[in-house]
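Residue numbers (my numbering): 2 to 469.
Working notes for the structure below.
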(Lines of atoms letter the chains of each structure in order from A; the text may use other names.)
(Lines give C-alpha, C1' and ligand atoms only; values in the text may rest on other atoms or scores of the structure.)
Protein backbone atom coordinates (compact mmCIF):
# COMPACT_ATOMS: atom_id res chain seq x y z
CA UNK A 2 0.00 0.00 0.00
CA UNK A 3 0.90 3.65 -0.05
CA UNK A 4 -0.68 6.99 0.80
CA UNK A 5 -2.81 6.73 -2.37
CA UNK A 6 -4.66 3.79 -0.79
CA UNK A 7 -5.12 5.40 2.61
CA UNK A 8 -8.71 6.33 1.68
CA UNK A 9 -11.45 4.22 0.17
CA UNK A 10 -15.22 4.29 -0.34
CA UNK A 11 -17.51 3.39 2.54
CA UNK A 12 -19.77 1.18 0.45
CA UNK A 13 -22.54 3.07 -1.32
CA UNK A 14 -22.76 5.87 1.24
CA UNK A 15 -20.85 8.39 -0.84
CA UNK A 16 -18.39 8.82 2.02
CA UNK A 17 -14.65 8.32 1.61
CA UNK A 18 -13.03 7.02 4.79
CA UNK A 19 -9.48 6.50 5.98
CA UNK A 20 -8.49 2.84 6.01
CA UNK A 21 -7.73 3.14 9.75
CA UNK A 22 -10.60 4.11 12.03
CA UNK A 23 -10.48 5.38 15.60
CA UNK A 24 -12.24 2.79 17.79
CA UNK A 25 -13.65 4.22 21.01
CA UNK A 26 -14.49 1.08 23.03
CA UNK A 27 -12.24 2.08 25.93
CA UNK A 28 -12.12 5.83 25.32
CA UNK A 29 -13.66 8.01 28.04
CA UNK A 30 -14.17 11.66 28.85
CA UNK A 31 -11.84 12.77 31.63
CA UNK A 32 -8.73 11.22 30.10
CA UNK A 33 -6.40 13.82 28.59
CA UNK A 34 -4.46 10.94 27.01
CA UNK A 35 -7.52 9.72 25.13
CA UNK A 36 -8.46 13.24 24.06
CA UNK A 37 -4.97 13.95 22.71
CA UNK A 38 -4.93 10.62 20.89
CA UNK A 39 -8.21 11.40 19.08
CA UNK A 40 -6.98 14.87 18.16
CA UNK A 41 -3.73 13.38 16.83
CA UNK A 42 -5.64 10.84 14.75
CA UNK A 43 -7.74 13.58 13.16
CA UNK A 44 -4.67 15.74 12.55
CA UNK A 45 -3.00 12.77 10.84
CA UNK A 46 -5.87 12.81 8.33
CA UNK A 47 -7.99 10.09 9.93
CA UNK A 48 -11.72 10.71 9.63
CA UNK A 49 -13.76 7.73 10.85
CA UNK A 50 -14.69 7.55 14.54
CA UNK A 51 -16.53 4.48 15.83
CA UNK A 52 -18.32 4.54 19.18
CA UNK A 53 -21.47 3.29 20.90
CA UNK A 54 -23.99 4.48 23.46
CA UNK A 55 -22.69 1.92 25.97
CA UNK A 56 -18.96 2.64 25.61
CA UNK A 57 -17.94 4.05 28.97
CA UNK A 58 -21.68 4.38 29.73
CA UNK A 59 -21.77 7.43 27.44
CA UNK A 60 -18.38 8.92 28.38
CA UNK A 61 -16.90 7.88 25.05
CA UNK A 62 -19.47 9.92 23.13
CA UNK A 63 -19.01 12.91 25.44
CA UNK A 64 -15.27 13.00 24.71
CA UNK A 65 -15.92 12.76 20.97
CA UNK A 66 -18.31 15.69 21.20
CA UNK A 67 -15.69 17.84 22.93
CA UNK A 68 -13.07 17.11 20.30
CA UNK A 69 -15.39 17.55 17.32
CA UNK A 70 -16.41 21.00 18.56
CA UNK A 71 -12.84 22.10 17.75
CA UNK A 72 -12.72 20.86 14.16
CA UNK A 73 -14.73 21.12 10.96
CA UNK A 74 -17.57 18.60 11.44
CA UNK A 75 -17.62 17.79 7.71
CA UNK A 76 -14.13 16.30 8.04
CA UNK A 77 -15.35 13.39 10.17
CA UNK A 78 -17.53 10.31 9.74
CA UNK A 79 -19.15 9.47 13.08
CA UNK A 80 -20.45 5.92 13.59
CA UNK A 81 -22.39 5.09 16.74
CA UNK A 82 -24.50 2.16 17.84
CA UNK A 83 -27.43 1.22 20.04
CA UNK A 84 -28.88 -1.94 21.55
CA UNK A 85 -27.17 -2.62 24.88
CA UNK A 86 -29.04 -1.98 28.12
CA UNK A 87 -26.51 -1.41 30.90
CA UNK A 88 -25.69 1.37 33.34
CA UNK A 89 -27.77 4.46 32.58
CA UNK A 90 -29.76 2.53 29.98
CA UNK A 91 -30.68 -0.10 32.55
CA UNK A 92 -32.23 2.55 34.78
CA UNK A 93 -34.03 3.99 31.74
CA UNK A 94 -35.35 0.58 30.68
CA UNK A 95 -36.63 -0.16 34.18
CA UNK A 96 -38.53 3.13 34.11
CA UNK A 97 -39.83 2.95 30.53
CA UNK A 98 -40.58 -0.78 30.15
CA UNK A 99 -39.60 -0.98 26.46
CA UNK A 100 -41.11 -3.74 24.27
CA UNK A 101 -39.12 -6.78 23.11
CA UNK A 102 -36.31 -6.49 25.64
CA UNK A 103 -33.95 -9.48 25.73
CA UNK A 104 -33.04 -10.01 29.39
CA UNK A 105 -29.82 -11.85 28.71
CA UNK A 106 -28.34 -11.78 32.22
CA UNK A 107 -27.98 -9.79 35.42
CA UNK A 108 -27.03 -6.25 34.46
CA UNK A 109 -27.11 -7.03 30.73
CA UNK A 110 -30.26 -6.58 28.68
CA UNK A 111 -30.62 -5.84 24.99
CA UNK A 112 -33.20 -4.19 22.74
CA UNK A 113 -33.52 -2.99 19.13
CA UNK A 114 -37.18 -1.99 19.30
CA UNK A 115 -37.90 1.47 17.81
CA UNK A 116 -39.02 2.90 21.15
CA UNK A 117 -35.64 2.10 22.66
CA UNK A 118 -33.62 3.07 19.58
CA UNK A 119 -35.19 6.53 19.60
CA UNK A 120 -33.89 7.15 23.12
CA UNK A 121 -30.43 6.00 22.04
CA UNK A 122 -30.23 8.34 19.07
CA UNK A 123 -31.59 11.19 21.22
CA UNK A 124 -28.95 10.65 23.89
CA UNK A 125 -26.04 9.91 21.56
CA UNK A 126 -26.55 13.10 19.56
CA UNK A 127 -26.90 15.12 22.74
CA UNK A 128 -23.72 13.67 24.27
CA UNK A 129 -21.75 14.28 21.08
CA UNK A 130 -23.31 17.74 20.57
CA UNK A 131 -24.20 16.81 16.99
CA UNK A 132 -27.20 17.52 14.78
CA UNK A 133 -26.79 14.19 13.02
CA UNK A 134 -24.80 10.97 13.04
CA UNK A 135 -23.33 9.66 9.80
CA UNK A 136 -23.99 5.99 10.53
CA UNK A 137 -26.10 4.29 13.20
CA UNK A 138 -25.61 0.55 13.75
CA UNK A 139 -27.73 -2.01 15.57
CA UNK A 140 -25.23 -3.23 18.15
CA UNK A 141 -24.97 -7.03 18.30
CA UNK A 142 -28.66 -7.83 17.70
CA UNK A 143 -27.75 -11.54 17.85
CA UNK A 144 -28.31 -11.35 21.60
CA UNK A 145 -31.86 -12.41 20.70
CA UNK A 146 -30.56 -15.63 19.09
CA UNK A 147 -27.99 -16.27 21.82
CA UNK A 148 -30.66 -15.87 24.50
CA UNK A 149 -33.11 -18.16 22.70
CA UNK A 150 -30.37 -20.79 22.30
CA UNK A 151 -30.11 -21.07 26.09
CA UNK A 152 -33.47 -22.83 26.22
CA UNK A 153 -34.18 -24.19 22.72
CA UNK A 154 -32.58 -25.13 19.41
CA UNK A 155 -32.07 -22.28 16.93
CA UNK A 156 -34.99 -23.17 14.67
CA UNK A 157 -36.11 -21.40 11.52
CA UNK A 158 -38.89 -19.73 13.51
CA UNK A 159 -36.27 -18.24 15.88
CA UNK A 160 -34.36 -16.87 12.90
CA UNK A 161 -37.54 -15.54 11.29
CA UNK A 162 -38.34 -13.61 14.45
CA UNK A 163 -34.76 -12.33 14.62
CA UNK A 164 -34.92 -10.86 11.11
CA UNK A 165 -38.44 -9.54 11.72
CA UNK A 166 -37.04 -7.51 14.62
CA UNK A 167 -34.21 -6.29 12.42
CA UNK A 168 -36.67 -5.21 9.72
CA UNK A 169 -38.80 -3.37 12.28
CA UNK A 170 -35.67 -1.54 13.44
CA UNK A 171 -34.74 -0.76 9.82
CA UNK A 172 -38.20 0.69 9.16
CA UNK A 173 -37.76 3.03 12.10
CA UNK A 174 -34.21 3.99 11.11
CA UNK A 175 -35.48 4.97 7.64
CA UNK A 176 -37.68 7.56 9.38
CA UNK A 177 -34.61 8.88 11.21
CA UNK A 178 -32.84 9.22 7.85
CA UNK A 179 -35.81 11.21 6.55
CA UNK A 180 -35.69 13.58 9.53
CA UNK A 181 -31.95 14.04 8.99
CA UNK A 182 -30.78 12.74 12.37
CA UNK A 183 -28.81 9.90 10.74
CA UNK A 184 -27.54 9.50 7.17
CA UNK A 185 -27.16 5.70 6.93
CA UNK A 186 -27.66 2.65 9.12
CA UNK A 187 -26.51 -0.93 9.44
CA UNK A 188 -25.57 -3.74 11.81
CA UNK A 189 -22.56 -4.48 13.96
CA UNK A 190 -22.54 -8.21 14.72
CA UNK A 191 -19.98 -10.56 16.22
CA UNK A 192 -21.68 -13.37 14.29
CA UNK A 193 -21.27 -12.20 10.68
CA UNK A 194 -18.08 -14.22 10.25
CA UNK A 195 -19.33 -17.54 11.62
CA UNK A 196 -19.35 -20.67 9.50
CA UNK A 197 -22.39 -21.34 7.31
CA UNK A 198 -23.29 -24.39 9.40
CA UNK A 199 -23.50 -22.29 12.56
CA UNK A 200 -27.18 -21.46 13.06
CA UNK A 201 -26.27 -18.40 15.15
CA UNK A 202 -24.60 -16.73 12.14
CA UNK A 203 -25.92 -13.28 11.24
CA UNK A 204 -26.55 -13.09 7.50
CA UNK A 205 -25.86 -9.85 5.62
CA UNK A 206 -27.94 -11.25 2.74
CA UNK A 207 -31.07 -11.76 4.84
CA UNK A 208 -30.67 -8.34 6.44
CA UNK A 209 -30.29 -6.77 2.98
CA UNK A 210 -33.44 -8.54 1.78
CA UNK A 211 -35.34 -7.03 4.71
CA UNK A 212 -34.07 -3.56 3.81
CA UNK A 213 -35.02 -4.02 0.14
CA UNK A 214 -38.53 -5.03 1.18
CA UNK A 215 -38.87 -1.65 2.91
CA UNK A 216 -37.61 0.43 -0.01
CA UNK A 217 -35.49 0.11 -3.13
CA UNK A 218 -33.79 3.29 -1.95
CA UNK A 219 -33.03 1.96 1.52
CA UNK A 220 -30.10 3.28 3.56
CA UNK A 221 -28.73 -0.03 4.90
CA UNK A 222 -25.17 0.58 3.77
CA UNK A 223 -22.70 -0.43 6.54
CA UNK A 224 -21.84 -3.55 8.52
CA UNK A 225 -19.23 -4.12 11.20
CA UNK A 226 -17.67 -7.40 12.28
CA UNK A 227 -14.64 -8.72 14.15
CA UNK A 228 -11.71 -9.92 12.08
CA UNK A 229 -8.09 -10.78 12.76
CA UNK A 230 -5.58 -13.40 11.64
CA UNK A 231 -7.27 -16.06 13.78
CA UNK A 232 -10.90 -15.02 13.22
CA UNK A 233 -11.07 -14.46 9.49
CA UNK A 234 -14.29 -16.26 8.57
CA UNK A 235 -15.72 -13.06 7.10
CA UNK A 236 -12.97 -13.16 4.46
CA UNK A 237 -12.67 -16.95 4.02
CA UNK A 238 -16.07 -18.66 4.44
CA UNK A 239 -18.32 -18.73 1.31
CA UNK A 240 -21.48 -18.13 3.34
CA UNK A 241 -23.38 -15.90 0.88
CA UNK A 242 -24.19 -17.87 -2.28
CA UNK A 243 -20.58 -18.99 -2.55
CA UNK A 244 -19.20 -15.58 -1.64
CA UNK A 245 -17.55 -14.41 1.57
CA UNK A 246 -19.08 -11.62 3.64
CA UNK A 247 -16.46 -9.22 2.25
CA UNK A 248 -17.16 -10.11 -1.38
CA UNK A 249 -20.96 -10.05 -0.93
CA UNK A 250 -20.80 -6.62 0.70
CA UNK A 251 -18.54 -5.26 -2.01
CA UNK A 252 -20.88 -6.50 -4.73
CA UNK A 253 -23.89 -4.92 -3.00
CA UNK A 254 -22.47 -1.52 -2.05
CA UNK A 255 -22.21 -2.22 1.68
CA UNK A 256 -19.27 -0.68 3.53
CA UNK A 257 -17.36 -2.99 5.88
CA UNK A 258 -15.79 -1.92 9.17
CA UNK A 259 -13.54 -4.45 10.92
CA UNK A 260 -13.13 -4.46 14.70
CA UNK A 261 -10.86 -6.41 17.06
CA UNK A 262 -7.93 -6.57 14.58
CA UNK A 263 -5.49 -7.09 17.47
CA UNK A 264 -7.57 -9.10 19.98
CA UNK A 265 -8.02 -12.67 18.77
CA UNK A 266 -10.03 -15.44 20.40
CA UNK A 267 -8.47 -18.77 19.49
CA UNK A 268 -8.84 -22.20 21.11
CA UNK A 269 -10.66 -20.67 24.07
CA UNK A 270 -8.01 -18.05 24.81
CA UNK A 271 -7.52 -14.36 24.05
CA UNK A 272 -4.35 -13.42 22.17
CA UNK A 273 -3.14 -9.85 21.76
CA UNK A 274 -1.46 -9.39 18.38
CA UNK A 275 1.19 -6.92 19.51
CA UNK A 276 4.75 -6.66 20.75
CA UNK A 277 5.29 -5.87 24.43
CA UNK A 278 9.04 -5.73 24.89
CA UNK A 279 11.12 -3.86 22.33
CA UNK A 280 14.38 -5.49 21.22
CA UNK A 281 17.23 -4.72 23.62
CA UNK A 282 14.93 -3.72 26.48
CA UNK A 283 14.36 -5.65 29.67
CA UNK A 284 10.99 -6.80 30.91
CA UNK A 285 9.66 -4.37 33.59
CA UNK A 286 9.75 -5.67 37.16
CA UNK A 287 8.00 -4.90 40.47
CA UNK A 288 9.92 -1.63 40.81
CA UNK A 289 8.36 -0.50 37.53
CA UNK A 290 4.94 -1.26 38.99
CA UNK A 291 5.69 0.69 42.19
CA UNK A 292 6.75 3.74 40.15
CA UNK A 293 3.65 3.44 37.99
CA UNK A 294 1.36 3.39 41.04
CA UNK A 295 3.11 6.22 42.92
CA UNK A 296 1.08 9.13 41.38
CA UNK A 297 -2.14 7.32 42.26
CA UNK A 298 -0.92 6.74 45.83
CA UNK A 299 -0.11 10.44 46.17
CA UNK A 300 -3.58 11.44 44.99
CA UNK A 301 -5.23 9.06 47.43
CA UNK A 302 -3.11 10.47 50.27
CA UNK A 303 -4.12 13.97 49.17
CA UNK A 304 -7.80 12.98 49.31
CA UNK A 305 -7.46 11.70 52.86
CA UNK A 306 -5.47 14.74 53.94
CA UNK A 307 -7.47 17.48 52.18
CA UNK A 308 -11.03 16.18 52.49
CA UNK A 309 -10.67 13.90 55.51
CA UNK A 310 -11.75 11.22 53.06
CA UNK A 311 -11.73 7.49 53.58
CA UNK A 312 -9.12 5.21 52.03
CA UNK A 313 -10.20 2.89 49.22
CA UNK A 314 -11.21 -0.66 50.09
CA UNK A 315 -13.26 -2.45 52.71
CA UNK A 316 -10.19 -2.70 54.93
CA UNK A 317 -8.85 0.70 53.92
CA UNK A 318 -5.84 -0.85 52.23
CA UNK A 319 -5.77 1.86 49.58
CA UNK A 320 -6.28 1.77 45.83
CA UNK A 321 -2.60 1.62 44.83
CA UNK A 322 -2.00 -1.40 47.10
CA UNK A 323 -5.18 -3.06 45.82
CA UNK A 324 -4.12 -2.65 42.18
CA UNK A 325 -0.60 -3.89 42.89
CA UNK A 326 -1.98 -7.00 44.57
CA UNK A 327 -4.16 -7.75 41.52
CA UNK A 328 -1.36 -7.10 39.04
CA UNK A 329 1.07 -9.44 40.81
CA UNK A 330 -1.53 -12.11 41.60
CA UNK A 331 -3.16 -12.40 38.18
CA UNK A 332 -2.24 -15.82 36.71
CA UNK A 333 -2.45 -14.55 33.11
CA UNK A 334 -2.99 -11.19 31.38
CA UNK A 335 -5.91 -12.85 29.59
CA UNK A 336 -7.94 -12.29 32.77
CA UNK A 337 -7.25 -8.53 32.93
CA UNK A 338 -10.32 -7.20 31.10
CA UNK A 339 -12.68 -9.41 33.10
CA UNK A 340 -11.03 -8.50 36.40
CA UNK A 341 -11.12 -4.82 35.52
CA UNK A 342 -14.83 -4.94 34.60
CA UNK A 343 -15.79 -6.85 37.74
CA UNK A 344 -13.29 -6.04 40.49
CA UNK A 345 -11.80 -2.65 39.62
CA UNK A 346 -14.18 -0.36 37.76
CA UNK A 347 -17.31 -0.96 39.94
CA UNK A 348 -15.64 -0.47 43.37
CA UNK A 349 -13.56 2.51 42.17
CA UNK A 350 -16.68 4.12 40.68
CA UNK A 351 -18.59 3.52 43.91
CA UNK A 352 -15.74 5.00 45.98
CA UNK A 353 -15.63 8.07 43.76
CA UNK A 354 -19.39 8.59 43.90
CA UNK A 355 -19.38 8.31 47.67
CA UNK A 356 -16.56 10.83 47.84
CA UNK A 357 -18.42 13.23 45.55
CA UNK A 358 -21.54 13.01 47.71
CA UNK A 359 -19.52 13.90 50.80
CA UNK A 360 -17.01 16.41 49.46
CA UNK A 361 -18.28 18.05 46.24
CA UNK A 362 -18.96 21.29 48.11
CA UNK A 363 -15.27 21.56 48.94
CA UNK A 364 -13.60 24.16 46.67
CA UNK A 365 -10.77 21.76 45.76
CA UNK A 366 -12.86 18.68 45.05
CA UNK A 367 -13.44 19.16 41.29
CA UNK A 368 -9.74 19.77 40.63
CA UNK A 369 -8.76 16.68 42.62
CA UNK A 370 -11.44 14.58 40.92
CA UNK A 371 -10.28 15.57 37.42
CA UNK A 372 -6.66 14.74 38.27
CA UNK A 373 -7.72 11.43 39.79
CA UNK A 374 -9.75 10.37 36.71
CA UNK A 375 -6.84 11.20 34.42
CA UNK A 376 -4.35 9.34 36.62
CA UNK A 377 -6.46 6.22 37.17
CA UNK A 378 -6.98 5.84 33.42
CA UNK A 379 -3.26 6.18 32.73
CA UNK A 380 -2.42 3.78 35.58
CA UNK A 381 -4.78 1.06 34.36
CA UNK A 382 -3.33 1.31 30.86
CA UNK A 383 0.15 1.03 32.34
CA UNK A 384 -0.78 -2.05 34.37
CA UNK A 385 -2.18 -3.69 31.24
CA UNK A 386 1.12 -3.14 29.43
CA UNK A 387 3.02 -4.47 32.46
CA UNK A 388 0.93 -7.65 32.49
CA UNK A 389 1.24 -8.35 28.79
CA UNK A 390 5.05 -8.19 28.72
CA UNK A 391 5.01 -11.85 29.77
CA UNK A 392 3.30 -12.65 26.45
CA UNK A 393 6.16 -11.55 24.18
CA UNK A 394 7.26 -15.14 23.41
CA UNK A 395 3.71 -15.85 22.19
CA UNK A 396 3.81 -12.75 19.97
CA UNK A 397 7.15 -13.94 18.56
CA UNK A 398 5.62 -17.31 17.61
CA UNK A 399 2.62 -15.63 15.94
CA UNK A 400 4.99 -13.46 13.91
CA UNK A 401 6.94 -16.57 12.86
CA UNK A 402 3.72 -18.27 11.73
CA UNK A 403 2.82 -15.22 9.63
CA UNK A 404 6.20 -15.50 7.92
CA UNK A 405 5.61 -19.22 7.35
CA UNK A 406 2.26 -18.31 5.76
CA UNK A 407 3.98 -16.03 3.28
CA UNK A 408 4.13 -12.61 4.89
CA UNK A 409 7.52 -11.02 4.04
CA UNK A 410 9.85 -10.78 7.04
CA UNK A 411 9.63 -7.29 8.47
CA UNK A 412 11.03 -5.09 11.22
CA UNK A 413 7.58 -3.53 11.68
CA UNK A 414 5.58 -4.15 14.85
CA UNK A 415 3.38 -7.24 14.96
CA UNK A 416 0.35 -5.00 15.49
CA UNK A 417 1.07 -2.99 12.34
CA UNK A 418 1.58 -6.18 10.32
CA UNK A 419 -1.71 -7.62 11.63
CA UNK A 420 -3.64 -4.46 10.77
CA UNK A 421 -2.03 -4.04 7.34
CA UNK A 422 -2.94 -7.62 6.43
CA UNK A 423 -6.62 -6.84 7.04
CA UNK A 424 -6.53 -3.39 5.44
CA UNK A 425 -5.38 -4.93 2.15
CA UNK A 426 -8.27 -7.39 1.91
CA UNK A 427 -10.59 -6.65 -1.00
CA UNK A 428 -13.92 -5.32 0.27
CA UNK A 429 -12.66 -3.81 3.54
CA UNK A 430 -13.54 -0.14 3.99
CA UNK A 431 -11.91 0.54 7.36
CA UNK A 432 -10.03 -1.28 10.11
CA UNK A 433 -10.99 0.00 13.56
CA UNK A 434 -8.29 0.15 16.21
CA UNK A 435 -8.50 1.29 19.83
CA UNK A 436 -5.96 4.12 19.63
CA UNK A 437 -6.06 5.14 23.29
CA UNK A 438 -2.59 6.73 23.23
CA UNK A 439 -0.52 8.80 20.82
CA UNK A 440 1.79 5.81 20.51
CA UNK A 441 -1.09 3.65 19.27
CA UNK A 442 -2.07 6.37 16.78
CA UNK A 443 1.48 6.43 15.38
CA UNK A 444 1.45 2.65 15.01
CA UNK A 445 -1.94 2.45 13.28
CA UNK A 446 -1.50 5.42 10.98
CA UNK A 447 1.64 3.85 9.54
CA UNK A 448 -0.45 1.04 8.01
CA UNK A 449 -1.03 2.77 4.63
CA UNK A 450 2.74 2.92 4.13
CA UNK A 451 3.17 -0.84 4.48
CA UNK A 452 4.20 -2.81 1.38
CA UNK A 453 1.45 -4.46 -0.65
CA UNK A 454 0.91 -8.18 -0.07
CA UNK A 455 -1.60 -10.82 -1.18
CA UNK A 456 -3.55 -10.86 2.08
CA UNK A 457 -6.16 -13.50 1.33
CA UNK A 458 -3.75 -16.38 0.48
CA UNK A 459 -1.65 -15.48 3.53
CA UNK A 460 -4.71 -15.67 5.78
CA UNK A 461 -5.75 -18.97 4.20
CA UNK A 462 -2.32 -20.53 4.79
CA UNK A 463 -2.05 -19.08 8.29
CA UNK A 464 -5.08 -21.14 9.40
CA UNK A 465 -3.03 -24.34 9.09
CA UNK A 466 -0.50 -23.19 11.70
CA UNK A 467 -2.18 -24.10 14.98
CA UNK A 468 0.89 -24.00 17.22
CA UNK A 469 1.27 -20.91 19.43
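Every residue gets a Cβ at the ideal spot worked out from N, C-alpha and C, and that includes glycine.
Keep in mind that this is a model prediction, so the values were computed, not measured.
Between the alpha carbons of residue 55 and residue 142 lies a distance of about 14 Å. Under the three-pair Cβ rule at 8 Å, the region 357-373 does not count as touching the region 258-277. Between residue 188 and residue 135, the C-beta gap is not smaller than 9 Å, which leaves the two residues out of contact. Taking all protein chains shown into account, residue 299 has fewer than 16 neighbouring C-beta atoms within 10 Å of its C-beta and is therefore exposed. Contact holds between the region 352-365 and the region 297-311, because three or more Cβ pairs, one in each stretch, are under 8 Å apart. A distance of 9 Å or more separates the beta carbons of residue 340 and residue 377. Bridge pairing for residue 189: 140, 225 [DSSP]. Contact between residue 171 and residue 235 is ruled out by a C-beta separation of about 21 Å, above the 8 Å threshold.
Beta-bridge pairing by DSSP links residue 78 to 49.
Excluding the 5 residues flanking it on each side, residue 195 has same chain C-beta neighbours closer than 7 Å at 201, 202, 234, in chain order. When DSSP states are grouped into helix, strand and coil, residue 368 belongs to the helix group.
It is roughly 20 Å from the alpha-carbon of residue 37 to the alpha-carbon of residue 448.
Counted as a single uninterrupted DSSP element, the beta strand (DSSP E) harbouring residue 10 occupies residues 8-10. Two segments are said to touch when three or more pairs of C-beta atoms, one from each, lie closer than 8 Å; by this definition the region 7-22 touches the region 45-52. Rounded to the nearest whole angstrom, the CA to CA distance from residue 226 to residue 318 is 42 Å.
Of the other Cβ atoms in all chains shown, 16 or more fall within 10 Å of the Cβ of residue 251; this residue is therefore buried.
Rounded to the nearest whole angstrom, the C-alpha separation of residue 451 and residue 421 is 7 Å. One Cα belongs to residue 109, the other to residue 145, and the distance between them is close to 12 Å. DSSP links residue 18 through a beta bridge to 9. Your pair residue 320 and residue 297 checks out as a contact, with CB atoms roughly 6 Å apart and the cut at 8 Å. Between residue 254 and residue 222 the beta-carbon gap is near 7 Å, inside 8 Å, which marks them as a contact.
One thing to note: residue 80 has its Cβ no nearer than 9 Å to the Cβ of residue 69. Only residues of its own chain outside the window of five on either side were considered, and among them 439, 442 have a CB closer than 7 Å to the CB of residue 41, listed in chain order.
The beta carbon of residue 147 is closer than 8 Å to those of 105, 201 in its chain, skipping five residues each way along the sequence. Taken in chain order, the complete alpha helix (DSSP H) segments of 4 or more residues contained in the region 157-217 are 157-180, 205-215.
Beta-bridge annotation (DSSP): residue 244 is paired with 241. Per DSSP, the unbroken alpha helix (DSSP H) holding residue 37 starts and ends at 33-44. Assignment of beta-bridge partners to residue 266 by DSSP yields 271. In the three-state reduction of the DSSP assignment, residue 23 falls in the strand class, which pools E and B.
Along the region 365-442, the beta strand (DSSP E) occurs as fully enclosed runs of 3 or more residues at 431-434, listed in sequence order. With a 10 Å radius around the Cβ and a threshold of 16 neighbouring Cβ atoms, residue 122 comes out buried. As computed with DSSP, residue 86 is found in a beta bridge with 110. Between residue 416 and residue 397, the CB-CB gap reaches or exceeds 9 Å.
The C-beta of residue 316 has fewer than 16 other C-beta atoms within 10 Å across all chains shown, which makes the residue exposed.
Between the beta-carbon of residue 28 and that of residue 57 there is about 7 Å, and that keeps the pair under the 8 Å contact cut. Of 347, 427, 186, 138, the smallest CA-CA separation from residue 314 is found for 347.
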